[in-house]
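Position in the sequence shown (from 1) plus 69 gives the number in the working numbering.
A short write-up of the structure that comes next.
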Amino acid sequence: MYLALSILAGLLGLAVTACVVFTAYVYYTERKKTGGGDTSIPAKLLRWTAIDYAVLFLFLTGTVFLLVELVAVTRDRESYPFYHYGYLLSGIMYSVLSMVFLVVRMTMLLRAAAPSNDPAAALVPQHNEPKQADAAE
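Right, dumping it as structure tokens:
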């Protein structure tokens, strides 16, 4: 069972890594088509894609497995060497770092999709309310 889970996690990790490389390739080829002067993000990359959901799924499952392993190691301290804690904690740090990168990507998408030049405008809720609701025309 652990071997099957390891193989599945490895394949999913390789698939996500391949998609990240493909995304970088698309960005590079779009920049090359425009002559290298245009640094805007292509429209294909301005969407929250299935790959982003896969990265989020990888983060959640990896962190859950690492936390469960940490609890198991903490309960049975004599069965594991002391450096096993370091491996688990560094794995949790890498998972958290991957989540930080995902949040940075989402923030970049929000800023790039902002209609105005103000980067914070995408983060402000915009409601369609009339400006002068009290005055009649």
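Backbone N, C-alpha and C fix where the C-beta goes; we use that ideal spot for every residue, glycine too.
Span separating the alpha-carbon of K101 from that of A141: Locating residue 101 in the sequence shown gives position 32, counting from the first residue. Locating residue 141 in the sequence shown gives position 72, counting from the first residue. Their Cα atoms are separated by approximately 51 Å.
Residues near G131 in its chain [Cβ-Cβ closer than 6 Å; skip 5 each side]: Mapped onto the sequence shown, residue 131 falls at position 62. Hits under 6 Å: S164.
Run of the alpha helix (DSSP H) containing S148, from where it starts to where it stops: What you label residue 148 is simply residue 79 of the sequence shown in a count that begins at 1. First-last for S148: undefined, no H or E at that position.
C-beta contact flag for F128 and S167 at 8 Å: Position 59 of the sequence shown, counted from the start, is the residue given in the question as residue 128. Position 98 of the sequence shown, counted from the start, is the residue given in the question as residue 167. Yes. Within cutoff.
Contact under 8 Å by Cβ, L179 with D121: Indexing the sequence shown from 1 puts residue 179 at position 110. Indexing the sequence shown from 1 puts residue 121 at position 52. Not in contact: L179 and D121 (Cβ atoms no closer than 8 Å).
Contacting residues, own chain, Cβ-Cβ under 6 Å from C88 (five flanking each side not counted): Against the sequence shown, residue 88 aligns to sequence position 19. Counting only Cβ-Cβ distances below 6 Å, and skipping sequence neighbours, we find I120.
Beta-carbon contacts of V85 that lie in its chain and below 8 Å, excluding the five residues immediately before and after: As a position in the sequence shown, residue 85 is number 16, starting the count at 1. Closer than 8 Å at Cβ, skipping near neighbours: I120, A123, V124, L127.
Alpha helix (DSSP H) segment containing R100, residue limits: Residue mapping note: residue 100 aligns to position 31 of the sequence shown, counting from 1. Start and end: 71 to 102.
Three-state secondary structure (DSSP) of T118: The residue you call residue 118 lines up with position 49 of the sequence shown. In this structure, T118 counts as coil in the three-state DSSP scheme.
Among I76, Y152, A93, E147, nearest to R174 - alpha-carbon criterion: By one-based count along the sequence shown, residue 174 stands at place 105. Looking at the Cα atoms, A93 is the closest of the given residues.
L135, buried or exposed, once every other Cβ within 10 Å from all chains shown has been counted against 16: Residue 135 sits at position 66 when you count from the first residue of the sequence shown. Answer is buried; the Cβ neighbour count reaches 16.
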